[in-house]
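Participant: Starting off with a structure, shown below.
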Amino acid sequence: MEKAWVEARFHDIEENYKIIKDKIAEAAIKSGRNPSDVRLMGVTKTVESIYINHALDLGVDLIGENRVQEFLGKRDELKLDGVEKHLIGHLQTNKVRQIVGEVDMIDSVDSVKVAAEIGKQSLKRGIITDVLVEINIGGEDSKFGIDPSAILDNIYQMSEIDGIRINGLMAIPPICDDDKENCKFFANMYGMFLDIRAKKLDNVNMNILSMGMSGDFENAVREGSTMVRVGSSLFGRRVY
-18 MEKAWVEARF HDIEENYKII KDKIAEAAIK SGRNPSDVRL MGVTKTVESI YINHALDLGV
42 DLIGENRVQE FLGKRDELKL DGVEKHLIGH LQTNKVRQIV GEVDMIDSVD SVKVAAEIGK
102 QSLKRGIITD VLVEINIGGE DSKFGIDPSA ILDNIYQMSE IDGIRINGLM AIPPICDDDK
162 ENCKFFANMY GMFLDIRAKK LDNVNMNILS MGMSGDFENA VREGSTMVRV GSSLFGRRVY
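Quick note: the sequence shown, position 239, residue 220 per the numbering used here, numbers continuous.
Set out below in structure tokens:
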């Protein structure tokens, strides 16, 4: 890897980080919120450790990885002291035991079955795993997540599972060419978030609403997101 190439990418990450932080702050202020109420997650899917570490050096203190094996494979190369680690990709039940205890939160809990397995594996390790419940806000067949019409029933069932603690919701809306359409999905998520919070269920803390990615995080912040997941806008275009 050529030094000049690495240094150029370092520079791009530095500039991208500043721009993203400024855009988050501007969107938060425009919606009457404090910028500090919105956390930036650096999404590290396919990103090499050298560039993740550079982002961590800049101040990124929350990362999200999509795949269990990819996270475990990179973990020992990363400067993770003081860094919060989340799994944000679809989690199969047979991979749960590998990731429980290795990350601080699992953001993609999309069924009672997966939640129950996380609880089971957590109890084996004597821990409680923080989770977010994933909503398929657009009802898309191509995406994972719980149907919005079934969210309350699922939340009730998950709240009774020992070994997990529900901290909020996560969603990926459909791709929209129109900002207004995009914002409607985010607004619907925010409405569900508030409704569930108002019920004050045991073992359910609606503290985190994770929505918004590289292409739409400003809309998400304006509509109430407390956590945005940014990958390509921070690290550059992914290499698959």
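All C-beta atoms, glycine included, are put in the ideal place defined by N, C-alpha and C. Owing to the predicted nature of the structure, the values given are computational and were not obtained by experimental measurement.
When you measure from the CB of D(-7) to every non-hydrogen atom of the ligand SAH, does any distance come out below 7 Å?
Facilitator: Although the ligand SAH was asked about, the structure shown includes no ligands whatsoever.
Participant: Use the C-beta contact count for I136: other C-beta atoms within 10 angstroms, 16 or more gives buried, fewer gives exposed.
Facilitator: buried
Participant: Roughly how many angstroms separate the alpha carbons of E20 and M192, rounded to a whole number?
Facilitator: Note that residue 20 corresponds to Arg in the displayed sequence, not to Glu. Going from the Cα of R20 to the Cα of M192 covers about 11 Å.
Participant: DSSP three-state label for H267, please.
Facilitator: A query on residue 267 cannot be resolved here, the shown segment of the chain reaching from -18 to 221 and no further.
Participant: Can you check the segment 35 to 103 for any alpha helix (DSSP H) of at least 4 residues that lies completely inside it and give the ranges in chain order?
Facilitator: Runs of the alpha helix (DSSP H) inside the segment 35 to 103: 49 to 55 and 77 to 80.
Participant: Using a Cβ distance threshold of 8 Å, determine whether the segment 211 to 219 contacts the segment 166 to 177, with at least three qualifying pairs required.
Facilitator: no
Participant: Pick from I145, D85, N47 and V202: whose alpha carbon is nearest that of K105?
Facilitator: Distances from the CA of K105 to each of I145, D85, N47 and V202 were compared; the closest alpha carbon is that of I145.
Participant: Less than 7 Å between C-beta atoms, sequence neighbours within five positions excluded: which residues of the same chain meet that for N47?
Facilitator: K26, I69 and G70
Participant: With a cut-off of 8 Å on the beta carbons, I'd call A96 and I44 a contact; round off their distance for me.
Facilitator: About 23 Å separates the two Cβ atoms, so there is no contact after all.
Participant: Run through the DSSP bridge pairs and tell me what L133 is partnered with.
Facilitator: DSSP output for L133 lists no bridge partner at all.
Participant: Go ahead and pull the three-state DSSP assignment for M173.
Facilitator: helix
Participant: Since I believe V114 is in contact with M86 (beta carbons under 8 Å), could you give me their beta-carbon distance rounded to a whole number of angstroms?
Facilitator: Contact flag wrong, Cβ pair sits at about 12 Å.
Participant: Apart from the five residues on each side of it in sequence, which residues of its chain come closer than 7 Å, Cβ to Cβ, to K30?
Facilitator: The displayed chain sequence assigns Ser, not Lys, to residue 30. Cβ neighbours of S30 beyond the five flanking positions: K55, E58 and L59.
Participant: Among the residues of its own chain, which have a CB less than 6 Å from the CB of Q73, if the five just before and after it don't count?
Facilitator: none
Participant: Following the continuous alpha helix (DSSP H) through R20, name the residue where it begins and the one where it ends.
Facilitator: Looking at the DSSP string, R20 is not in any alpha helix (DSSP H); the run it does join, the beta strand (DSSP E), is R20 to V24.
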